[in-house]
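These notes are about the structure you will find just below.
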Amino acid sequence: MTDTFVLGAAMHPPSAWVADKRLEEMVFDTAWAALNNANVDRKELDHVTIAASDELDGRSISSMLLSAPAGAYLKDEIKATDSGLIGFCLEVMRIESGRFHLGLVSSWNKSSKAPFEDVMRMRCEPFYTRDIGLNMSIADGLFAQAVSRSFAIDQCEVNAAVHASYKQASQNERGMQAEVPSVEAVATSPYVSAPLRKLHQAPITDGCVSMVVCSGDWLRKHPDRRALAKVSGLSWRIDDYQLGEKRLSSLQGFKQTFRNALLMSGLQDASQLDVIEIDSQTSFHDLACRRALELPTDIRISPSGGPFAQNPYFCTGLVHAVEAVLQVANQAGSVQVKGTTRAAAHGSHGFAQQGNAVAIFEGA
Amino acid sequence: MPKNRVAVIGVGETPFRPNVIDKTYVELAQDAAKAALNDAGLTPDDIDAIVFSMAPTQFMGVVDVEKWTVDSIWASGKPFMRVHTGGATGGSALHAGYSHVASGMHRTVLIVGADRVSDTPDAQRILNLIWDPFYEQDFALNTITMTALATQRYMHKYGTTEEQFARVVVRSRKNALKNPNAHLKGNITVDDVMNSPRISWPYKLFDICPRSSGAAAVVLANEEVTKERCSRPAFINGIGGVTSTVFMGDRVGPYSDAELCDEAELKFAGGEAYAQAGITDPMKQIQVVELYDPFSSIQFPQLESLGFCAPGRAQFLSDDGSFDMGATLSVNPSGGTLCSNPIGVTGLVRVADAALQIMGKAGDNQLPGVQNALSTAIGGSVQFANCTVLGADYV
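One line per chain: the protein sequences are A and B, in this order.
Following this note's numbering, the numbering of the first sequence begins with -18 at its first residue and continues without gaps.
Following this note's numbering, the numbering of the second sequence begins with 0 at its first residue and continues without gaps.
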């Protein structure tokens, strides 16, 4: 259990292409909205944590430009580069260290401006994998093959899961509310990397998300402020870079990360959660993760629609954290799961979920 | 107040060289990690979490290179993250690692990074890309010209001469003679510096750091592990960081919050770190500083903003030897960044070299009686600044 709380949060309206704003304007608007949501003035912050990718931002050391719009001007700021949810993990540790008490964590993604798969391909080390042209879709295709075997997932299930995810996502006023494809349309969409089809993949969107985070000490000194949620558990870990059979098929990293977060929360297993938002970049991920956690049927998985609602790839995990916070705060609107007291948010990063992070929130 | 005490209990560095043709990037990182673990008397299994230090990956050409490094630094299955604040990265990584332990969530953290700056034929072409594509890149703005502009302003403000900057280079290269890991070293003269090729006024070639390849690592531990494993740790007593605006024009003139040429952001960062560490008179209480100085001209404003002397005074103290090895304040006894600059990890090298002085492990560069040491790291358009105060005793 931590003594860290979420005071406020905001997400930029998602879009396939935010055409009317530069990235720094998206970041500024979202950070500003989070501060307003928390009823906090930027002057009160004692630090800022940001999470971003230079390559997806299309600019080397992108935080040179983006740290100020993210609220970090003349603040103690550190940037994490793995994912938005990893940025959140760093933010919580900074608060838990006792050195900082009120911070803002922001993350963003405007992949409409970046050649996404070219960036992904440049992740390949130059000796073996770059020449074979590995990229995100191919890595996910390998993942899909592996988990289809290890978790007995068939294409019909996957096609149905895509339809169900889009249908759920269409109810989320914070999501893209995209058209729901029929099962047949999913089943006949072109292959990207067998068995992965185009419509199995959650489309990448532009987005930005910010959260105001505070220590328990700060909250106790400000009894007039009301937190949205308490961070009760936090865990992250990385798996092997090499895409071997065990690495692809076992979801060992995902399971261990969840286990550690639950342990920190004082929970025995995932069945004690009311809501879990899973970063399922494809429906193969979705089904494999559900089976890996061995969840009972009454737990609501990704009521927000998960990445099929919005998928600003780099910060999708942090989007899920906001959705989880909104659930425990009873502010999730049309996708509110009644009586939610504990919600988990999952984020992943790297080829085929090399890295995983889980944050568990409770009502404050 | 931090919840838990944090100390450096192990340090590892590889030699910093122009090219490392017999090791891959991941092997370099592995060498540094192994050296730090050995120094700490720990095995990979004893490490609870890892923070990776790496700035732009464009120099060595693999995006998210830390992911590739996982398999080589025993990170698989552990909490792992990378931080990146440009040239300040190594210092930020140290601060992130500090939070890992101070929070009580981890007992030990390995902070490791590497760079291969000379894998690209022209680092400044890459560094031109950090600027705005619409307004700035076409002006041939890079880190050399950027800092040259700020230095011109400093020289105008305080009357500093090129020769005074040249003496900084002479001192650094001489200090580096006793640092087996330093990239550049030697007994050179002010004339040697002044006669080196002109790059961007007032800089000549010798005023500028090399493009280095190499790796560094430190192991941080909580109080319990420190007591078990290390008889002479370097306690992290103060951390401070600040981010300013990228727009250099907004940092000049009477309305700026932090004057560009004075590197005044360090007043904020240093003030915070000093308050935590109980430093009220830096010149008296700190014996060693390891400054992030990729250019000869940026030692003086850092020392002044960090309170070692009044503004405009550092050049005179430098001239009269007050910053030489074993003097009132030993500045960059390792040779500093002017002698070795593996950009993605340089800030961590500064911490490592400062920690070695506290721990009594600085070899031929060891100074006697080092109780407190300070390291700095700077990045972006000289806009990211962080500093760390290390001490022989915990404050």
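The beta carbon of each residue, even a glycine, is placed where N, CA and C say it ideally should be.
Closer than 8 Å: residue i CB and nearest the ligand MG heavy atom
i	result
T110 of chain A	By its list of ligands, the structure shown contains no ligand whatsoever, and the ligand MG lies outside what it can speak to.
is_contact[residue i, chain B] using C-beta, thresh 9 Å
i	result
K211 of chain A	no
E106 of chain A	yes
E77 of chain A	yes
C296 of chain A	no
R23 of chain A	no
C70 of chain A	yes
G336 of chain A	yes
R271 of chain A	no
S48 of chain A	yes
E58 of chain A	yes
M45 of chain A	yes
A0 of chain A	no
L244 of chain A	no
CB-CB length for residue i against residue j, believed under 8 Å
i	j	result
V19 of chain B	R115 of chain B	7 Å
A269 of chain A	I134 of chain A	7 Å
M400 of chain A	E36 of chain A	Residue 400 of chain A lies beyond the range of chain A shown here (-18 to 345); nothing can be said about it.
S64 of chain A	G286 of chain A	Between G286 of chain A and S64 of chain A the Cβ distance is about 19 Å, and since that is not below 8 Å, they are no contact.
Y202 of chain B	I129 of chain B	In fact, because the Cβ distance is near 18 Å, the residues do not count as touching under 8 Å.
T242 of chain B	F15 of chain B	Not really, about 27 Å apart at Cβ, beyond 8 Å.
A376 of chain B	G89 of chain B	6 Å
Opening and closing residue of the alpha helix (DSSP H) in which residue i lies
i	result
E304 of chain A	T297 to V309
V143 of chain A	Q136 to A150
H99 of chain B	T88 to A101
F9 of chain A	L4 to A19
Which of helix, strand or coil DSSP assigns to residue i
i	result
A384 of chain B	strand
E289 of chain B	strand
Y294 of chain A	helix
K24 of chain A	helix
L176 of chain B	coil
Y54 of chain A	strand
L83 of chain A	strand
Q275 of chain B	helix
D114 of chain B	strand
G314 of chain A	helix
C105 of chain A	coil
T146 of chain B	helix
D21 of chain B	coil
D220 of chain A	coil
A166 of chain A	helix
M74 of chain A	helix
M59 of chain B	coil
S52 of chain B	strand
Any chain A beta carbon closer than 9 Å to residue i
i	result
V218 of chain B	no
H182 of chain B	no
K22 of chain B	no
G378 of chain B	yes
F138 of chain B	no
N3 of chain B	yes
Y403 of chain B	Within the shown structure, residues of chain B are numbered from 0 to 394, placing residue 403 of chain B beyond reach of any answer.
P293 of chain B	no
H155 of chain B	no
P78 of chain B	yes
Residue i, enclosing beta strand (DSSP E) - first and last residue
i	result
R197 of chain B	R197 to S199
G359 of chain B	From DSSP, G359 of chain B is part of no beta strand (DSSP E); its letter is neither H nor E.
F(-14) of chain A	T(-15) to M(-8)
G239 of chain B	A233 to T242
R81 of chain B	F79 to V82
I377 of chain B	N371 to G378
C189 of chain A	G188 to S196
Specify whether the region 70 to 86 of chain B and the region 74 to 92 of chain A touch according to this definition: at least 3 beta carbon pairs, one from each stretch, less than 8 Å apart. Three or more Cβ pairs closer than 8 Å define a contact, and the region 70 to 86 of chain B falls short of that threshold against the region 74 to 92 of chain A.
Report yes or no: do the region 271 to 285 of chain B and the region 298 to 307 of chain B share at least 3 C-beta pairs separated by less than 8 Å? Flag = yes, the region 271 to 285 of chain B and the region 298 to 307 of chain B touch.
Pairs of beta-carbons, one from the region 180 to 192 of chain A and one from the region 277 to 294 of chain A, closer than 8 Å: are there three or more? Because the criterion of three Cβ pairs below 8 Å is met, the region 180 to 192 of chain A and the region 277 to 294 of chain A touch.
For the 8 Å Cβ check, are there 3 or more pairs between the region 29 to 49 of chain B and the region 321 to 338 of chain B? They do not touch, by the three-pair rule.
Count Cβ pairs between the region 228 to 237 of chain A and the region 332 to 344 of chain A that sit closer than 8 Å; are there 3 or more? Output reads yes: the region 332 to 344 of chain A touches the region 228 to 237 of chain A.
At least three beta-carbon pairs within less than 8 Å, the region 202 to 209 of chain B to the region 21 to 28 of chain A: Contact between the region 202 to 209 of chain B and the region 21 to 28 of chain A is absent: fewer than three C-beta pairs spanning the two stretches fall below 8 Å.
At a cut of 8 Å, does the region 210 to 225 of chain B reach the region 29 to 37 of chain B through at least three beta carbon pairs? Cβ pair count under 8 Å is three or more, so yes.
Would you check if there are 3 or more beta carbon pairs closer than 8 Å linking the region 121 to 130 of chain A to the region 264 to 279 of chain A? With contact defined as three or more Cβ pairs closer than 8 Å, the region 121 to 130 of chain A and the region 264 to 279 of chain A are in contact.
Is it a yes or a no for the region 91 to 98 of chain B touching the region 56 to 76 of chain B, going by three-plus beta-carbon pairs under 8 Å? Not touching, per the Cβ criterion.
With a threshold of 8 Å, are at least 3 pairs of Cβ atoms found where one atom belongs to the region 49 to 63 of chain A and the other to the region 232 to 252 of chain B? With the cut-off at 8 Å, the region 49 to 63 of chain A and the region 232 to 252 of chain B touch.
Hey, is the region 306 to 314 of chain A in contact with the region 168 to 180 of chain A, meaning 3+ C-beta pairs nearer than 8 Å? Flag = no, the region 306 to 314 of chain A and the region 168 to 180 of chain A do not touch.
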